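*Asks:*
Protein chains: 2
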Amino acid sequence: MPKDTALLPTHVAAFANRRRDPGTKREAVLKTAAELFLEKSYGRTSMNDVAQRLSITKPALYHYFRNKEEILIECYRLGTGLIEEILNEIAEHCGTGLEKVEAFIYSYANVMTVNFGRCVMRLDDADLSPDALGEVRKYKRKIDRRLRSFIQEGIDDRTIAPCDPKIAAFSIAGALNWICHWYEPEGALSAEEIATQFARTLTRGLAAPRTSARPRVAGK
Amino acid sequence: MPKDTALLPTHVAAFANRRRDPGTKREAVLKTAAELFLEKSYGRTSMNDVAQRLSITKPALYHYFRNKEEILIECYRLGTGLIEEILNEIAEHCGTGLEKVEAFIYSYANVMTVNFGRCVMRLDDADLSPDALGEVRKYKRKIDRRLRSFIQEGIDDRTIAPCDPKIAAFSIAGALNWICHWYEPEGALSAEEIATQFARTLTRGLAAPRTSARPRVAGK
DNA sequence: TTGATATCTTACCCACGGGTAAATTCCAAC
DNA sequence: GTTGGAATTTACCCGTGGGTAAGATATCAA
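In the order they appear, the protein sequences are chains D and E.
Start counting the first sequence at 0; every next residue gets the next number (numbering that gives the first Met the number 0).
Start counting the second sequence at 0; every next residue gets the next number (numbering that gives the first Met the number 0).
1. Distance cutoff 9 Å, beta carbons only. Does K39(E) sit that close to anything in chain D?
2. Just to make sure I have the definition right: I need the residues of chain D whose C-beta is within less than 9 Å of the C-beta of A194(E). Which are they?
3. Does the separation of the CB atoms of I193(D) and A174(E) fall below 9 Å?
4. Got a sec: is the Cβ-Cβ distance from A92(E) to anything in chain D below 9 Å?
5. Quick one: residues in its chain with C-beta nearer than 6 Å to the C-beta of E34(D), no 5 flanking neighbours on either side, listed in chain order?
6. Whole angstroms are fine: how far does the CA of D123(D) sit from the CA of F64(E)?
7. Suppose contacts are defined by Cβ-Cβ distances below 9 Å. Is V135(E) in contact with T79(E) by that definition?
8. I want to verify the contact list: residues of chain D whose CB lies under 7 Å from the CB of D123(E), in sequence order.
9. Taking 9 Å as the threshold (beta carbon to beta carbon), is I82(E) in contact with chain D?
10. Name the chain E residues that come within less than 8 Å of L201(D), Cβ to Cβ?
11. Spell out whether any CB of chain E is found under 9 Å from the CB atom of N176(D).
12. Should G186(E) be labelled buried (16 or more other beta-carbon atoms within 10 Å of its own) or exposed?
13. Of all the options S128(D), F115(D), I104(D), which has the alpha carbon lying nearest to the alpha carbon of Q196(D)?
14. Check A207(D) in the structure and name its three-state DSSP category.
15. Given that a residue counts as buried once 16 or more other Cβ atoms are within 10 Å of its Cβ, and exposed if not, what is A125(E)?
16. Of all the residues that make up the region 141-172 of chain D, which are near chain E by a beta-carbon distance shorter than 9 Å?
17. Does any residue of chain E bring its CB to less than 9 Å from the CB of R43(D)?
18. So, with DSSP's three-state summary, where would you put I159(D)?
19. Can you find a C-beta in chain D that's less than 9 Å from the C-beta of F36(E)?
20. Is it the case that the Cβ atoms of F149(E) and V119(E) are separated by a distance below 9 Å?
21. Spatial neighbours of R117(D) within its chain, please: CB distance less than 7 Å, with the 5 preceding and 5 following residues excluded, ordered by chain position.
22. Use the C-beta contact count for Y107(E): other C-beta atoms within 10 angstroms, 16 or more gives buried, fewer gives exposed.
23. Taking the straight line between their C-alpha atoms, what separation do you get for L71(D) and V49(D)?
24. Please classify I171(E): does DSSP put it in a helix, a strand, or coil?
25. Taking all protein chains shown into account, decide if S40(D) is buried (16 or more other Cβ within 10 angstroms of its Cβ) or exposed.
26. Interface residues of chain E around F229(D) at Cβ under 8 Å?
27. Assuming T202(D) and L97(D) form a contact by the criterion Cβ under 8 Å, report the distance between their Cβ atoms to the nearest whole angstrom.
28. Give the interface partners of F115(E) over in chain D, defined as CB-CB distance under 8 Å, in chain order.
29. Pull up the distance between the alpha-carbon of M46(D) and that of L53(D), whole angstroms please.
30. Taking the straight line between their C-alpha atoms, what separation do you get for D20(E) and I55(E)?
31. Pick out whichever of Y182(D), K57(D), P208(D) has its Cα sitting closest to the Cα of R121(D).
32. Whose C-alpha, out of K57(E), A59(E), G133(E), C93(E), is nearest the C-alpha of E152(E)?
33. If you run the structure through DSSP and keep just helix, strand and coil, what is R117(D)?
34. Distance check for A167(D) and V28(E), CA to CA, integer angstroms please.
35. So, at 6 Å on beta carbons, what are the nonlocal neighbours of P164(E) in its own chain, with the 5 sequence-adjacent residues on each side left out?
36. Taking a Cβ distance cut-off of 8 Å, strictly less, list which residues of the region 54-71 of chain E are near chain D, in chain order.
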């Protein structure tokens with residue numbers, strides 16, 4: 000007889016019956032794990048905690064993941080996947096440097112309100128094995144390079160006031176990454192609001208003086 | 000016979016001879032603990048690690064601190080103390096709102112390159128007991144309120160362009176707090192450089208349009 | 001219906017780390 | 001010297017958590 004999965008808290012339903020559907024269950028484990036990692040940190044989250052929230056027992060988890068770290072790595076992978084998407088989208092789409100930066104800020108802020116995205120910047124790198132750590136670090140550098148290049152583009156096409164792209168990128172990335180430290184899904188600010196506001200506010204700080212001098216050779 | 004403490008790595012010297020004032024030793028423990036907490040995180044730092052770096056044994060530590068958390072709390076206390084100083088200084092000193100914000104950014108960025116200061120924003124709140132956590136949270140809120148009030152002052156006195164102080168404060172705080180995630184004492188950028196650059200860059204993002212309209216009634 | 005297999009549980013092992021009890025060493029004052 | 005007491009150490013306890021072995025049970029294919 001099929002159990003009553005209707006009003007079961009979120010992904011727990013995936014384990015309601017024993018049906019063979021490893022994909023869905025793996026995903027369910029991943030989602031609850033990410034939740035817990037963000038609530039209590041990776042270190043303070045035990046495999047038992049994860050199992051308990053799914054109403055199963057610890058060893059059952061090891062049918063879907065080889066060990067705890069593999070879960071963590073998968074969280075990172077999904078998170079970086081999200082970022083990768085927006086990065087590529089922007090690189091193709093938009094026009095001026097400033098517009099690209101604005102699009103970046105908007106999309107990135109949004110990602111920082113999605114659990115897997117939050118994992119990438121909020122969880123502690125150092126919990127990863129050397130190999131995985133290496134990959135993540137490499138990826139983060141890539142993000143940084145991209146943002147800097149957008150800014151440089153903006154400086155070149157005169158939509159962004161001359162500045163040190165390195166420092167500017169650090170500032171923007173910091174402001175954005177910090178979102179995942181204070182954002183809470185049930186909080187006062189919605190993801191949309193945050194994204195739009197940040198895009199506006201941060202962009203204004205970069206923009207080259209608008210109205211007065213239109214297209215002119217910018218003296219330093 | 001007095002031991003050769005001359006070229007001993009940093010604070011280890013404090014424990015070289017046995018009859019030395021407890022104050023110095025407590026301080027030495029605190030410094031090395033903070034170092035380790037920042038290198039490996041609180042959770043991954045064992046009391047043995049701390050002891051080892053000081054060339055003593057674990058139980059010796061318990062002569063100077065009741066338990067591991069007390070060390071952590073003390074780190075937070077010293078860190079918030081540093082921030083408190085600059086907060087008060089600024090509140091008295093400077094003139095316009097924009098100037099206050101700039102001074103805040105400069106000093107705060109500097110604090111984020113000092114170990115105890117870094118602890119406050121980089122270490123994980125959740126490792127604290129409920130009581131201590133409450134205090135720290137309260138203190139962080141205070142910092143946020145102060146920054147917002149500086150920004151509001153700037154908007155009122157027309158040195159800062161109209162904006163949402165809440166979002167602006169989040170951005171600035173994020174950019175600054177993130178420093179302690181990428182700063183490294185031996186890195187390319189010195190604390191001074193970071194502080195000055197950030198003060199300049201972030202301030203420019205806020206400043207009301209300068210030259211053209213001097214003192215005028217600003218329409219909303 | 002009936003295996004065969006994926007799924008899940010009970011029971012367990014073991015390393016690690018916080019913390020303590022009690023013995024020991026060193027310094028200082030007498 | 002000797003001795004009293006503080007500073008340190010050795011040896012230990014025990015809870016927690018990652019991970020596994022082996023048995024129990026449901027599901028699917030035939």
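Each residue gets a CB set at the ideal place from its N, CA and C atoms; glycine is no exception.
Since the structure is predicted, the reported quantities are computational estimates derived from the model, not experimental observations.
*Replies:* From the atom records:
1. yes
2. From the beta-carbon of A194(E), no residue of chain D is found nearer than 9 Å; the closest lies around 11 Å away.
3. No, Cβ-Cβ distance for I193(D) and A174(E) is not below 9 Å.
4. Looking at the sequence shown, residue 92(E) is not Ala but His. No, H92(E) lies away from the interface with chain D (no Cβ there is under 9 Å from its Cβ).
5. none
6. 27 Å
7. Closer than 9 Å, so yes.
8. S40
9. no
10. S170, G204
11. yes
12. Label assigned to G186(E): exposed.
13. For Q196(D), the nearest C-alpha among the options comes from I104(D).
14. coil
15. exposed
16. Listed in sequence order: A160, C162, D163, K165, I166, A167, F169, S170, I171, A172.
17. yes
18. strand
19. So, not an interface residue.
20. In this structure, the beta-carbon distance from F149(E) to V119(E) does not fall below 9 Å.
21. Closer than 7 Å at Cβ, skipping near neighbours: L37, M111, C179.
22. buried
23. 12 Å
24. Three-state result, I171(E): helix.
25. buried
26. Look at the range of chain D in this structure, 0 to 219, and you will see that residue 229(D) is not part of it.
27. 7 Å
28. None at all; the shortest Cβ gap to chain D is about 20 Å.
29. 11 Å
30. 16 Å
31. Y182(D)
32. C93(E)
33. helix
34. Rounded to the nearest whole angstrom, the CA to CA distance from V28(E) to A167(D) is 37 Å.
35. For P164(E), where only same-chain residues beyond five positions count, the Cβ hits under 6 Å are R147, I150, Q151.
36. So nothing in the stretch comes that close.
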